[in-house]
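Colleague: The structure is given below, and queries will be raised subsequently.
Residue numbers (the working numbering): 2 to 170.
Structure follows, in structure tokens:
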């Protein structure tokens, strides 16, 4: 008689892993429409209650209330509002995701394009790192870091961190 229990367990683990990947991808994918659409409740709701959204030179926001205020542009300076009013928007690359039980890291790039007459120009390129935790079968962002790809090397360092603890999958 063949023992199929280990095969079934392996299939269950693969299914869970795929579900986790898709869930985290969805968090990354909905960020841009929610942020650029000023739907702060969605942006803030993807974080744990006391999550951290660290945008480097733009600012650091702690807790859902501060994150919501940022996402709805309540905390933006007049020059930031004027820039976005010209026609600007974000694009996130597909994330590289590493999962270790109930902890995960997603790494991707964020591009910001600004309308310039009849075309758009890339004006900002950042490395993005999301540290997530599974809470009651739902993934939430604990910390999110954005760092410019520039001469400081901070952005490149965020990319490198994605390979420090590769998963065993």
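From the three backbone atoms N, C-alpha and C, an ideal C-beta is built for every residue, glycine too.
Since the model is a prediction, treat every value here as computed from it, not as a measurement.
Do the CB positions of residue 60 and residue 148 come within less than 7 Å of each other?
Modeller: For this step, residue 60 is matched to residue 59 along the chain shown. For this step, residue 148 is matched to residue 147 along the chain shown. Not in contact: residue 60 and residue 148 (Cβ atoms no closer than 7 Å).
Colleague: Go to residue 106, then tell me how far its beta strand (DSSP E) extends in each direction, as first and last residue.
Modeller: Reading the chain shown from its first residue, position 105 is the one you call residue 106. First-last of the beta strand (DSSP E) with residue 106: 104-117.
Colleague: Pull up the distance between the alpha-carbon of residue 39 and that of residue 157, whole angstroms please.
Modeller: By 1-based counting over the chain shown, the position of residue 39 is 38. By 1-based counting over the chain shown, the position of residue 157 is 156. Taking the straight line joining both Cα atoms gives about 29 Å.
Colleague: Might you give, ordered along the chain, the residues of its own chain that have their beta carbon closer than 7 Å to the beta carbon of residue 170, omitting 5 neighbours on each side?
Modeller: Position 169 of the chain shown, counted from the start, is the residue given in the question as residue 170. Note on residue 170: pLDDT 41, under 50, position unreliable in the model; the coordinate value appears next. Excluding sequence neighbours, residue 170 sits near 18.
Colleague: Are the segment 65-81 and the segment 41-54 touching, with three or more C-beta to C-beta distances below 8 Å?
Modeller: At 8 Å Cβ cutoff, the stretches touch.
Colleague: Could you pull out every residue in the same chain whose Cβ sits closer than 6 Å to the Cβ of residue 94, ignoring the five residues on either side in sequence?
Modeller: Here residue 94 refers to the residue found at position 93 of the chain shown. 109 and 110, listed in sequence order.
Colleague: Excluding sequence positions up to five away, which residues of its chain have a Cβ less than 8 Å from the Cβ of residue 4?
Modeller: For the purposes of this step, residue 4 is taken as the residue at position 3 of the chain shown. Low local confidence applies: a pLDDT of 48 at residue 4 is under 50, so the model's placement there is unreliable, and no value is given.
Colleague: Unbroken beta strand (DSSP E) runs of length 3 or more, entirely within the segment 125-155: which are they?
Modeller: If we require 3 residues or more, the beta strand (DSSP E) runs fully inside the segment 125-155 come out as 139-149.
Colleague: Express the C-alpha separation of residue 44 and residue 75 in angstroms, rounding to a whole number.
Modeller: Locating residue 75 in the chain shown gives position 74, counting from the first residue. Locating residue 44 in the chain shown gives position 43, counting from the first residue. If you take the alpha carbons of residue 75 and residue 44, they lie about 14 Å apart.
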